[in-house]
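Take 4 as the starting number for the sequence shown in this note's numbering and just add one per residue. For reference, the structure discussed in these notes is given below.
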Amino acid sequence: MSVLEETLVLIKPDGVVRNLTGDILKRIEAKGYKLVDIKLVDADRELLSQHYAEHEGKAFYEPLIEFMESGPIVAIRLAGNRVIEGFRALAGTTDPTTAAPGTIRGDLGRDWGLAVQQNLVHGSDSAESADRELTLWFD
Ligand code: DAT
Ligand code: MG
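Right, here's the structure in full:
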């Protein structure tokens, strides 16, 4: 038996501005995961620099923060057994060009020739990240 988990899902500004929020939520709900909390957020630099602290100093870091500041984000507290791993599988791999068809990034994302990949969604990558990120975005 697996443990009931929670994860942080973000629909990034590209997903919101392209009107893909409904499509993405539909995939999450159809999979069977439970929406515990959901809100629209204009994230500030303080929140985003804490959220993406692991990437500080990388070439895509500044473009990533600017992209995430560019418009509203849908933040979701999502629950289910193995939801951390399960949502990452639904999302697909980081690079939308090669993310598998059938995934959110593979079906709905592409390379736009920018310094940061715009890949529609974020999902926590471990139980420790989920705890940390849910505290940042929801507490
Ligand atoms: P993920 O979102 O799949 O967990 P990550 O945590 O490694 O990926 O990176 C955070 C975001 O930064 C990612 O969703 C898109 C962007 N990114 C990552 N690596 C990149 C790269 N090499 N070039 C451009 N953007 C990148
Ligand atoms: Mg990550």
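Each residue gets a CB set at the ideal place from its N, CA and C atoms; glycine is no exception.
Does any heavy atom of the ligand MG sit closer than 6 Å to the C-beta of residue i?
i    : result
D128 : yes
Hey, would you say the C-beta of residue i is under 6 Å away from at least one heavy atom of the ligand DAT?
i    : result
Q120 : yes
L67  : yes
F90  : no
F63  : yes
Tell me whether residue i sits in a helix, a strand or coil according to DSSP, three-state version.
i    : result
E57  : helix
G105 : coil
G126 : strand
K34  : helix
V119 : coil
D47  : coil
R85  : coil
Quick check on this structure: which residue in the options has the alpha carbon closest to the alpha carbon of residue i?
i    : options                   : result
I146 : G116, Q121, L117 and W115 : Outside the displayed span of the chain (4 to 142) sits residue 146, for which this structure offers no information.
G112 : Y55, N22 and L81          : N22
E69  : R48, L43, A56 and L137    : R48
E136 : V12, V6 and E8            : V12
D45  : L28, V20 and E59          : V20
So residue i and residue j are supposed to be a Cβ contact under 8 Å. How far apart are they, rounded?
i   : j    : result
A94 : G126 : 5 Å
P99 : G83  : About 24 Å separates the two Cβ atoms, so there is no contact after all.
Q) If we count Cβ pairs, one from each stretch, closer than 8 Å, do we get three or more for the region 32 to 49 versus the region 112 to 132? A) Segments in contact, no.
Q: Decide yes or no for the touch test of the region 71 to 83 against the region 8 to 16: beta carbon pairs closer than 8 Å, at least 3 of them.
A: yes
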